[in-house]
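These protein sequence lines are chains A and B, in that order. Just so you know, we're using our numbering here: the first sequence kicks off at 3 and counts up by one. Just so you know, we're using our numbering here: the second sequence kicks off at 2 and counts up by one. Here is the structure we will look at.
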Amino acid sequence: DAGVIQSPRHEVTEMGQEVTLRCKPISGHNSLFWYRQTMMRGLELLIYFNNNVPIDDSGMPEDRFSAKMPNASFSTLKIQPSEPRDSAVYFCASSTLAGHRDTQYFGPGTRLTVL
Amino acid sequence: SQKIEQNSEALNIQEGKTATLTCNYTNYSPAYLQWYRQDPGRGPVFLLLIRENEKEKRKERLKVTFDTTLKQSLFHITASQPADSATYLCALDPGYSSASKIIFGSGTRLSIRP
């Protein structure tokens, strides 16, 4: 199994630009999570999906952030417009059970730098 | 709101000794508590999960304890090896019945010197 796949691995963009991060969960997993990690705030859950349906997006910082899961094998996290304070590592994770009780498998992350 | 505290300072341990990492929380006891390992430039990797009605869980050289009275979990690595050097995160999961979501500690960086 290839594990959770994220792209791009690194993204450098200028303030105001749109950024789209992509995630392919492990086949057969029906829960998908988006996290953001910074030195100051640690690892924060932004949003999670069960069976492609967003369940809890209370962690999404602002309306500039949006996430979609059009099918079981693909999800995107979009930031529009991006700001320097969005610079962080964004992780996608997937699991087999609804919610958090099962092991979450994390992707390698996307390091985003907004200049 | 729930807060998690992990050793903010890096932990340096001599190879072969037991490393003990602490995870303290301030509010309600979570239904589940998880420990993850994170290496530089990589995503966290799940290690162990312990339920609120369990006192201790073991896996090979790893041991986790959960004390809901002290609101604390301890993570032990026995016979530590340099390959155990990494950042270790604890995560609190309130469980299915709660509207609260999983939250992670900021992690403790562990270094095992030969």
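Ideal placement from N, C-alpha and C gives every residue a C-beta, glycine not left out.
* To do: Starting from residue 12(A), follow the beta strand (DSSP E) in both directions and report where the run begins and ends.
  => 12-15
* **Cβ shell of residue 35(B) (< 6 Å), same chain only, five flanking positions each side left out** => 50, 92
* Asked: Rounded to the nearest angstrom, how far is the Cβ of residue 47(A) from that of residue 77(A), given a contact under 8 Å?
  -> At roughly 14 Å, the Cβ-Cβ gap does not stay under 8 Å, so residue 47(A) and residue 77(A) are not in contact.
* Leaving out five residues on either side along the sequence, give the residues of the same chain with a beta carbon under 7 Å from the beta carbon of residue 10(A). => 112
* **Pairwise C-alpha distance: residue 56(A) and residue 12(A)** => 26 Å
* Asked: In terms of residue numbering, what span does the beta strand (DSSP E) encompassing residue 37(B) cover?
  -> 33-39
* Asked: Using a C-beta to C-beta distance shorter than 7 Å, which residues of chain A count as neighbours of residue 43(B)?
  -> 110
* Would you verify that the beta carbon of residue 59(A) is, or is not, closer than 8 Å to some beta carbon of chain B? => no
* **Assigned secondary structure, residue 43(A) (DSSP; H/G/I helix, E/B strand, else coil)** => coil
* From 27(B), 4(B), 2(B), 22(B), pick the residue whose C-alpha is nearest to that of residue 81(B); which is it? -> 22(B)
* **Nearest-angstrom beta carbon gap, residue 95(B) and residue 31(B) [assumed within contact, 8 Å]** => 5 Å
* Asked: Within the 8 Å Cβ cut-off, does residue 51(A) reach chain B?
  -> no
* Give a yes or no on whether 8 Å exceeds the smallest Cβ distance from residue 82(A) to chain B. => no
* Asked: Which word fits residue 109(B), buried or exposed, when buried means at least 16 other C-beta atoms lie within 10 angstroms of its C-beta?
  -> buried
* To do: Answer with buried or exposed for residue 30(A), where buried requires no fewer than 16 other C-beta atoms within 10 angstroms of its C-beta.
  => exposed
* To do: State the Cα-Cα distance for the pair residue 88(B) and residue 71(A), rounded to the nearest angstrom.
  => 30 Å
* Which bits of chain A does residue 90(B) rub up against, with CB to CB less than 7 Å? -> 45
* Starting from the beta carbon of residue 47(B), find every residue of chain A whose beta carbon is closer than 7 Å, and list them in chain order. => 105, 106
* To do: Have a look at residue 114(A) and residue 84(A) and give me their C-alpha separation to the nearest angstrom.
  => 10 Å
* Asked: If we call anything under 8 Å between Cβ atoms a contact, is residue 92(A) one with residue 38(A)?
  -> yes
* Asked: Which residues in the same chain have their Cβ closer than 7 Å to the Cβ of residue 17(B), if we skip the five residues on either side of it in sequence?
  -> 80, 81
* Asked: Hey, how far is the Cα of residue 66(A) from the Cα of residue 29(B)?
  -> 32 Å
* Determine which residues share a DSSP beta bridge with residue 37(A) and list them. => 47(A), 93(A)
* At 3 residues or longer, and completely inside the region 62-108 of chain B: list those beta strand (DSSP E) runs for me, N to C. => 63-68, 73-78, 87-94
* On the DSSP bridge assignment, give the partners of residue 69(A) in chain order. => 79(A)
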